[in-house]
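Asks: Below you will find the structure I want to go over with you.
Printed below as a string of C-alpha cells:
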C-alpha cells in the first residue's frame, strides 16, 4: 500500500487536533507527517501514534518539500494565502475554511454524497460548513427518491464551532469571543451579517446545500443560532418534496444511507441529542414525522459532532479519496 | 373603582409567584386575596404588597366564599378537577393549564389579539401555551395585512417552562426532572409524545395558533426543543403569506402592534436574546428578513420571558379584561 506525505495546517487548533486523532484512528497511510501553525504556537510538540512531531510556523516555503496532501484547518485567512501556494507546488489541498467553497473550480465534497467530484479538482477540494454537512447527508437519499423542493433549516449550534475561544466563553462564563454571554443564552448570530439581513453562516447553508446536491432548483432558507452546548450541532429541518412518499420509505432511505444512524423511538425517549453525538462520526437523525402543513412534507432532527463529521472526519475522508486517486 | 376578590391557585409555584408579582406591579384592584396550593405547600406564608397571606390547601369547598376571579396555575390535574367546581360557584376562572384550551366552549385569549373572546366565556378563559403566545403575537398584525398561509416553528425553550424542577436540573447539573441531562444539551422533547410522532407541546402550538387567530385555514407545523437557558423562550418562525409585501410594511406592522418590541439592527449586533428578555413583558422580534425560498416569505426570531408574557402577565391581563367586564 502506498504511503503519503501529509501536512496538517492549524495543527494546534480544535479541528487540527481532531484531524490528527482521526488520521490515527482511521490508520491513514502516512509516510511523513508535517505539522504547521501560526508563529504563536510554532515550536510546540504534538504526539502522533507514539511519536513526537515539532510544530513549524507556516511559511511560503513550507510546501517546497515533497508533500502529497495538505489538510488546511487554520482559518480563512491562512487558507486564502497559503492554499494556492501549496497547489502551485503540486500539493493536493483539503480545505476546511469557507474561502473556496463556492468557487466554481473547487469541488465541495461530502464523501457519502459526491465522492466523484474530487475528479475535477484543480488542486483544492473544499470541506463544507459543519452544519451543512449534517443537513445535506439526510437530504441526499431523500432527494434521490422524492426530489427535495424546499428546505427550512433552524440550527442549534455548539460553541466548539467557534474553536477554543467559544468553549472558553461557555465554560468560564466569559464574554470574550462572542458579543454577548453564551451561558444560559441563545445568540441568533453566527459569522458576520450581510446586507440582506442574513448571516454568512446562513448563506453558507443555503448555497452549499445546492452545490453539494448539485441542484440549483432546490429552495433553501436558514436561521442559525448559537446555544450553550459544547460539542455537536443540532438542526431542525423542514423538508418539502416534489413527490408523494410513505413515512416507511423515508425511514428506509435514511437507514440505508452510509453515515446516518436513525435514532427514532420516541416511546422509549430515543432521539438524537448533542450529549450522545459528541465524539461520534455518524449523523444522527430522529423525530422523523409528516408535516401536515404542506402536501409532501416532513420534519426531522439532525445531530452530529461538528468537530468530527462536521469538520475533521469529513476532511480526512476526503483525503482518503484523494489518496486512493493518487495510488 | 370596583375591587375584586381574587384567588391564586398554585401560589407557591414559579408561575403562581410571578402572577402575584404581576398583580402587584400592575396594581390590580384587589379587595380580598386568597392563596391556594397543594397540601405539601399549604401553611406557608407569602408576602403581597407588604402583607402576609397564609397559603391554604385547595379543597372542594375553597370556592364557597365570595371569589370573583380565580387564576389557576397549579397544573393540568388541579385545573381539571377544581376549575369546574369554581365555575359552578360563580367564579370567573383564568386557567394557565392546557386542559381546557381547545375546548370549543372556552375562549383562548391573548389580550393584544382577541380580547373580545372573553365575552362568550362560560366561566373559564384559557391562557395559551407559553411558546404559542410569543409566536401568535407577531403573526397577528402580519395575518391582518398579508394573510398568513403557512407557519413553521422551531423553538428554543428555557427550563423555567418546566417550573422549579427544570431550573434545578440545569443549575445543579441533575438528571431528575428531564429524562436526560439538560446542561450542555438540546432535548427535542417537550411534554409527552403522541401516536403521530409529535409532542403535545408541538400540537399545542399548531392548534392554539389557529384558535387564537380564529382561522383554521392557516397551515402550521412545529418542532419544540428544550435548551440550557433559564428564562425566556426563543422561536425561529418561518412565515409564508398569501399576499405580496414590502419588508418595510412588515417592520411597520410589527412595530405598531401592542406588546411587541422590534429589536433588529444587526449591524450593531441588536437582536432579541433570552438574557435580555428575562423579566420583561414584551415579545421581542428581530432577525426580520425575506425568505427567498418561497414567493411571499419571511423569517423572524421571537424571544419572550415564558414565565411573564408566556404565562403570568398574559393571565393577569386576561383577569384585567374580566374585571373590566364585571365593573
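Residue numbers (the working numbering), protein chains in the order written: chain A, 1111 to 1437; chain B, 1111 to 1437.
We put the beta carbon where it would ideally sit given N, CA and C, even for glycine.
1. Are there three or more Cβ pairs, one per stretch, closer than 8 Å when the segment 1144-1155 of chain A is compared with the segment 1115-1131 of chain A?
2. Would you kindly work out how many angstroms separate the C-alpha atoms of residue 1423/A and residue 1404/B, rounded to a whole number?
3. Alpha carbon to alpha carbon, how far is residue 1233/A from residue 1143/A?
4. Measure from the C-beta of residue 1163/A to each C-beta in chain B and report whether the shortest distance is under 8 Å.
5. For the segment 1245-1277 of chain A, enumerate the residues whose C-beta is nearer than 8 Å to any C-beta of chain B, in chain order.
6. Between the beta-carbon of residue 1236/B and the beta-carbon of residue 1205/B, is there less than 8 Å?
7. Excluding the 5 residues flanking residue 1277/B on each side, which residues of the same chain have their C-beta closer than 7 Å to its C-beta?
8. Would you please verify whether the beta carbon of residue 1416/B is less than 8 Å from any beta carbon of chain A?
9. Can you give me the start and stop residues for the alpha helix (DSSP H) that residue 1439/B sits inside?
10. Counting only beta-carbon atoms, is residue 1401/A nearer than 8 Å to chain B?
11. Give the residues of chain A in contact with residue 1376/B, contact being defined as C-beta atoms less than 7 Å apart.
12. What are the start and end residues of each continuous alpha helix (DSSP H) run of 4 or more residues lying completely inside the segment 1221-1295 of chain B, in chain order?
13. If you draw a straight line from the C-alpha of residue 1171/B to the C-alpha of residue 1118/B, how long is it?
14. If the criterion is Cβ atoms closer than 8 Å, does the pair residue 1189/B and residue 1209/B meet it?
15. Does residue 1392/B pass the burial test, meaning 16 or more other C-beta atoms within 10 Å, or should it be called exposed?
16. Check the DSSP bridge columns for residue 1336/B and list the partner residues they point to.
17. Where do the ends of the beta strand (DSSP E) carrying residue 1145/A lie?
18. Strictly under 8 Å for the Cβ-Cβ distance: is residue 1241/A near chain B by that measure?
19. So that I know if they touch, is there some Cβ in chain B lying closer than 8 Å to that of residue 1340/A?
20. Take residue 1328/B and list the residues in its own chain whose beta-carbon comes closer than 6 Å to its own, dropping the five residues that flank it on each side.
21. Excluding sequence positions up to five away, which residues of its chain have a Cβ less than 7 Å from the Cβ of residue 1273/A?
22. Would you decide whether residue 1218/B is buried or exposed? Buried here means 16 or more other CB atoms lie within 10 Å of its CB.
23. Comparing the C-beta of residue 1147/A with each C-beta of chain B, is any distance below 8 Å?
24. Which residues of chain A have a Cβ atom closer than 8 Å to the Cβ of residue 1397/B, listed in chain order?
25. Are the C-beta atoms of residue 1329/B and some chain A residue less than 8 Å apart?
26. Classify residue 1198/A as buried or exposed, calling it buried when 16 or more other Cβ atoms lie within 10 Å of its own Cβ.
27. Leaving out the 5 sequence neighbours to the left and right, which residues in its chain are closer than 7 Å to residue 1426/A when beta-carbon positions are compared?
28. Using a threshold of 8 Å, state whether the C-beta atoms of residue 1220/B and residue 1370/B are closer than that.
29. Following the continuous beta strand (DSSP E) through residue 1409/B, name the residue where it begins and the one where it ends.
30. So, helix, strand or coil for residue 1432/A, using DSSP?
31. In angstroms, rounded to a whole number, what distance separates the CA positions of residue 1307/A and residue 1338/B?
32. Would you kindly work out how many angstroms separate the C-alpha atoms of residue 1434/A and residue 1202/A, rounded to a whole number?
33. Are residue 1395/B and residue 1372/B touching if we call contact CB-CB under 8 Å?
Replies: Looking at the coordinates:
1. In this structure the segment 1144-1155 of chain A lies against the segment 1115-1131 of chain A, because at least three pairs of beta carbons, one per stretch, are closer than 8 Å.
2. Rounded to whole angstroms, the separation of the alpha carbons of residue 1404/B and residue 1423/A is 34 Å.
3. Distance between the alpha carbons of residue 1233/A and residue 1143/A is about 19 Å.
4. No, no contact with chain B.
5. Sequence-ordered contacts of the segment 1245-1277 of chain A with chain B read 1260, 1261, 1262, 1264, 1266 [C-beta pairs closer than 8 Å].
6. Contact: yes.
7. Same-chain partners within the cutoff: 1269, 1270, 1340.
8. Answer no: the Cβ-Cβ gap between residue 1416/B and chain A never drops below 8 Å.
9. Since the first residue of chain B shown is 1111 and the last is 1437, residue 1439/B is not available in this structure.
10. Interface residue, yes.
11. Within 7 Å Cβ-Cβ: 1303, 1307.
12. Every alpha helix (DSSP H) of 4 residues or more that sits fully in the segment 1221-1295 of chain B is shown, in chain order, as 1240-1256, 1274-1281.
13. Near 15 Å, if we compare the C-alpha coordinates of residue 1118/B and residue 1171/B.
14. Yes, Cβ-Cβ distance for residue 1189/B and residue 1209/B is below 8 Å.
15. Buried: at least 16 other Cβ atoms inside 10 Å.
16. According to DSSP, residue 1336/B bridges with 1267/B, 1297/B.
17. Where residue 1145/A is concerned, the enclosing beta strand (DSSP E) stretches over 1140-1147.
18. It does not; no Cβ of chain B falls within 8 Å.
19. Answer yes: the Cβ-Cβ gap between residue 1340/A and chain B drops below 8 Å somewhere.
20. Cβ contact annotation for residue 1328/B (same chain, cutoff 6 Å, sequence separation greater than five): 1258, 1320, in chain order.
21. Here the set comprises 1123, 1124.
22. Classification for residue 1218/B: buried.
23. No, its Cβ sits nowhere closer than 8 Å to a Cβ of chain B.
24. Residues of chain A with a Cβ closer than 8 Å to the Cβ of residue 1397/B are, in chain order, 1298, 1307, 1333.
25. Interface residue (Cβ-Cβ distance to chain A less than 8 Å): residue 1329/B is classified as such.
26. Looking at its Cβ environment, which holds fewer than 16 other Cβ atoms inside 10 Å, residue 1198/A is exposed.
27. Exclusion of the five residues before and after residue 1426/A leaves 1129, 1132, 1133, 1136, 1138 as the residues of its chain whose Cβ lies within less than 7 Å of its Cβ.
28. Cβ distance not < 8 Å, so residue 1220/B and residue 1370/B don't count as in contact.
29. Its beta strand (DSSP E) spans residues 1407-1414.
30. It is helical.
31. About 27 Å.
32. Taking C-alpha positions only, residue 1434/A is separated from residue 1202/A by approximately 12 Å.
33. Yes, the Cβ-Cβ distance between residue 1395/B and residue 1372/B is below 8 Å.
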